[in-house]
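Residue numbers (our numbering): 2 to 41. Glycine included, C-beta positions come from ideal geometry on N, C-alpha and C. To start, the structure under review is shown below, and the notes come after it.
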Amino acid sequence: AYIPVVLSRAEIDKIFNAIDEPYLLIVKLLYGCWLLLLWH
């Protein structure tokens with residue numbers, strides 16, 4: 002499956018809102034790490 006490199010803030014919020022705990026924390030951590038990798 003193709004995943005777009007850039008998601009809008011609204012799209013990210015939709016994804017986060019659709020995910021239940023405790024998975025939400027994991028997804029947020031992975032997303033944060035992914036952003037850090039993009040910046041380097």
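Terminal residues of the alpha helix (DSSP H) in which residue i lies
{"i": "Val28", "result": "Tyr24 to Trp40"}
Distance, residue j Cα to residue i Cα
{"i": "Leu25", "j": "Leu39", "result": "21 Å"}
{"i": "Leu31", "j": "Glu22", "result": "14 Å"}
{"i": "Ala11", "j": "Asn18", "result": "10 Å"}
{"i": "Ile27", "j": "Val7", "result": "19 Å"}
{"i": "Lys15", "j": "Lys29", "result": "13 Å"}
Per-residue DSSP class, three states only, for residue i
{"i": "Ile20", "result": "coil"}
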